[in-house]
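Student: Line by line, the protein sequences are chains R and H. Anchor point for the first sequence: position 183 equals 224 in my numbering, and the numbering is continuous, going up by one each time. Anchor point for the second sequence: position 93 equals 105 in my numbering, and the numbering is continuous, going up by one each time. Backbone N, C-alpha and C define an ideal beta-carbon position, used for all residues, glycine too. One structure is given below, represented as structure tokens, and several questions about it will come after.
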Amino acid sequence: MRIYAINGSAKGEDSNSREMISIVQGYLGPGAEIGMVSQIRQYRKPDDSIFPAMAASDVLLVSSSLYVDALPATLLAFLERYSAYLAGPGKDVRARTQRVFACVNCGFFEGEQNASALEIIANFSAASGLRWSGGVGIGTGEMIGSLKDVPLDSSIRKPVTRALRALAEAIAAGPDGRLGENLFVHHWLPFILYKLAGEAGWRKQAKQNGLKRREIFLKPLESANTR
Amino acid sequence: MKIGILYDSTESESRALYEALRAAAARSCDRVVTIDSAPGIAPPCINCFQCWIKNPGECVLPHDPAIEFANQFWDADIVVIVSRILWGGYSMRVKLYLDRILPILHPYFVKHNGEMHHRLRYKSLPVFLGVGYGARTAGEEATFRAIAAANRDQNPKGRKYSHFLVGIGEALAERTSACGEWLAKEVSK
């Protein structure tokens, strides 16, 4: 089975989107042949020569983070180019059997906040003659990368890794494999703990940049306006 | 009251809707600021978060047209986003601008309407209202409604406002005047 994964993150290799692909790849095992494309690299330097291999794959896996309640603009640009390629001359869309899966994560707590981004990918699939086969929406997304050295079956990771395993199993189930419904999950910790840990993380990064705690609250546009 | 309008002058539908919106806004608001996404493919937000943890409130990308999205709209009461509907979301060209919103948000979290959102950096955040056209299926229209509602609900007081859709098969000319009336109603809320 040939799989093509789109890393939808603007951060490239060092991203939660890339890590989600790695987790799915791990569940698929060494037999799965996975091609990989970084949408941000494609945005900076478009290269259509990858499309024949993408179109010939059995499965397309779109992995992204949430940008303002939807997909990043640069990922849209890449999907538009792929869709245009598929609509080009000599390509019989009706005969196409490519299944499309997706995983989208956000920094908010609730996985459900990714629902519309998954819908966009479902609509892209329908408009491009591909078969939407389900997706996973993950909240607490910043923890995907930060916990990558913690065992996959640890309590805190389990809701997320179980959903990604279900996605991998649907991919591996053959031509009719699909998720019965989109899955929405977050790491196993209470809302308040995630909020506090997240905010401490931002403070730590700000401090590393030489900022004082109160400077995180700066209002430069307000100051510019009252000058 | 201040209103911001983001539109795409390369599309005739967007131009027509924009004209109606601008006329309606000019009648009821003392400040109307518009941004046309046409001048170029703006550099994308790369989620570097430097506007939160290095230069709080300021984008670190070199000055470009899309930076105006934050700089011009940060203190608007309402921002109307006029866009062709692409698979249920905003078009790529418009979304490049919308993605540059991060500097006016704060990295900390709050909970409102039962969901986690970003704390506001300034006293208030504009209410973002979507105006969409060109959907190809009812499914795309439904997705657009959900996304417009999610954008709007970033503002804790956003729920009383609505979006506007030129639906499949509807005549643009008729909907254009309805669009101006819609904005007048939203502004009066």
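Hey, quick one: how far does the alpha helix (DSSP H) through LEU234/R stretch, first residue to last?
Tutor: 232-249 is the extent of the alpha helix (DSSP H) around LEU234/R.
Student: In terms of residues, what are the limits of the alpha helix (DSSP H) holding THR46/H?
Tutor: From DSSP, THR46/H is part of no alpha helix (DSSP H) but of the beta strand (DSSP E) over 43-48.
Student: What residues in its chain sit with their C-beta under 7 Å from that of ARG268/R, if we drop five residues either side in the sequence?
Tutor: Note that ARG268/R has pLDDT 48, beneath the 50 cutoff, so the model's placement of it is unreliable and the number below is only indicative. Nothing meets the Cβ criterion.
Student: Closest to ILE212/R by CA distance: which of MET61/R, ALA51/R, ALA73/R is it?
Tutor: The option with the nearest alpha carbon to ILE212/R is ALA73/R.
Student: Is there contact here, the stretch 200-216 of chain R with the stretch 128-146 of chain R, by at least three beta-carbon pairs under 8 Å?
Tutor: Yes, the stretch 200-216 of chain R touches the stretch 128-146 of chain R.
Student: Could you tell me if PHE225/R is buried or exposed, where buried requires 16 or more neighbouring beta carbons within 10 angstroms of its beta carbon?
Tutor: Answer is buried; the Cβ neighbour count reaches 16.
Student: Which residue from SER50/R, ALA167/R, ASN48/R, GLU183/R puts its Cα closest to that of GLU152/H?
Tutor: Ranking SER50/R, ALA167/R, ASN48/R, GLU183/R by Cα distance to GLU152/H puts ALA167/R first.
Student: With a cut-off of 8 Å, does the C-beta of ARG268/R fall near any C-beta of chain H?
Tutor: Caution is warranted here: a pLDDT of 48 is assigned to ARG268/R, below 50, making its placement in the model unreliable, and no coordinate value can be reported.
Student: From the DSSP output, in three-state form, read off GLU74/R for me.
Tutor: GLU74/R falls in the strand class under three-state DSSP.
Student: Less than 8 Å between CB atoms is the rule here; does PHE225/R satisfy it with respect to chain H?
Tutor: No, its Cβ sits nowhere closer than 8 Å to a Cβ of chain H.
Student: Drop a sphere of 10 angstroms on the beta-carbon of SER58/R, count the other beta-carbons inside from all chains shown, and report buried for 16 or more, exposed for fewer.
Tutor: Buried, by the Cβ-count rule.
Student: Does DSSP put CYS63/H in a helix, a strand or coil?
Tutor: CYS63/H: helix per DSSP, three-state reduction.
Student: Give, in chain order, every residue of the stretch 104-117 of chain R whose Cβ lies closer than 8 Å to some Cβ of chain H.
Tutor: Under the 8 Å Cβ criterion, the stretch 104-117 of chain R contributes SER106, TYR108, VAL109, ASP110, ALA111, LEU112, PRO113, ALA114, THR115, LEU117.
Student: Exposed or buried, SER136/H, counting other C-beta atoms within 10 Å across all chains shown (16 or more means buried)?
Tutor: So SER136/H counts as exposed.
Student: If we cut at 8 Å on Cβ distances, does GLY239/R have a partner in chain H?
Tutor: Yes, its Cβ sits closer than 8 Å to a Cβ of chain H.
Student: At 4 residues or longer, what runs of the alpha helix (DSSP H) sit wholly inside the stretch 140-180 of chain H?
Tutor: Complete alpha helix (DSSP H) runs here, min 4: 150-164.
Student: Mind listing the chain R neighbours of ASN167/H? Cutoff is C-beta to C-beta under 7 Å, in chain order.
Tutor: Per Cβ cutoff of 7 Å: no residues; ASN167/H is ~13 Å from chain R at best.
Student: Just verifying my parser: in three-state terms, what is the DSSP assignment at ARG203/R?
Tutor: The answer is helix: DSSP assigns ARG203/R an H, G or I state.
Student: So the candidates are ALA28/H, ALA37/H, GLU198/H, GLU25/H; which of them puts its Cα closest to the Cα of LYS172/H?
Tutor: Minimum Cα distance to LYS172/H is reached at GLU198/H.
Student: What span of residues does the beta strand (DSSP E) with LEU18/H cover, start to end?
Tutor: First-last of the beta strand (DSSP E) with LEU18/H: 14-19.
Student: Mind checking which residues open and close the beta strand (DSSP E) that includes TYR120/H?
Tutor: Here the beta strand (DSSP E) through TYR120/H covers 117-124.
Student: When the Cα of THR22/H is compared with those of ASP111/H, VAL94/H, LYS201/H, ASN167/H, which residue comes out closest?
Tutor: Out of ASP111/H, VAL94/H, LYS201/H, ASN167/H, VAL94/H has the C-alpha closest to the C-alpha of THR22/H.
Student: Measure from the C-beta of LYS86/R to each C-beta in chain H and report whether the shortest distance is under 8 Å.
Tutor: No, LYS86/R does not count as interfacial toward chain H.
Student: Which one of GLY182/R, MET184/R, PHE165/R has the shortest CA to CA distance from GLY175/R?
Tutor: For GLY175/R, the nearest C-alpha among the options comes from PHE165/R.
Student: Should the stretch 97-105 of chain H be regarded as contacting the stretch 137-156 of chain H, the criterion being three or more beta carbon pairs within less than 8 Å?
Tutor: A contact exists between the stretch 97-105 of chain H and the stretch 137-156 of chain H.
Student: Does DSSP put ILE53/H in a helix, in a strand, or in coil?
Tutor: Residue state, collapsed to three classes: coil.
Student: Closest to ALA241/R by CA distance: which of SER195/R, HIS227/R, ILE257/R is it?
Tutor: Considering only alpha carbons, the answer is ILE257/R.
Student: Checking 8 Å against the spacing of the C-beta atoms, do ARG198/R and HIS228/R come in under that value?
Tutor: It is a contact, given that the beta carbons lie within the stated cut-off.
Student: Does the beta-carbon of VAL72/H have 16 or more other beta-carbons within 10 angstroms, so that it is buried, or is it exposed?
Tutor: With fewer than 16 other Cβ atoms within 10 Å, it is exposed.
Student: In chain order, which continuous runs of the beta strand (DSSP E) of length 3 or greater are located wholly inside the stretch 71-114 of chain R?
Tutor: With a minimum length of 3 residues, the continuous beta strand (DSSP E) runs that stay inside the stretch 71-114 of chain R are 74-79, 100-106.
Student: So is ALA50/H in contact with chain R if we call contact Cβ pairs under 8 Å?
Tutor: It does not; no Cβ of chain R falls within 8 Å.
Student: Specify whether the stretch 43-58 of chain R and the stretch 114-128 of chain R touch according to this definition: at least 3 beta carbon pairs, one from each stretch, less than 8 Å apart.
Tutor: Touching, yes, given that three or more Cβ pairs across the two stretches are closer than 8 Å.
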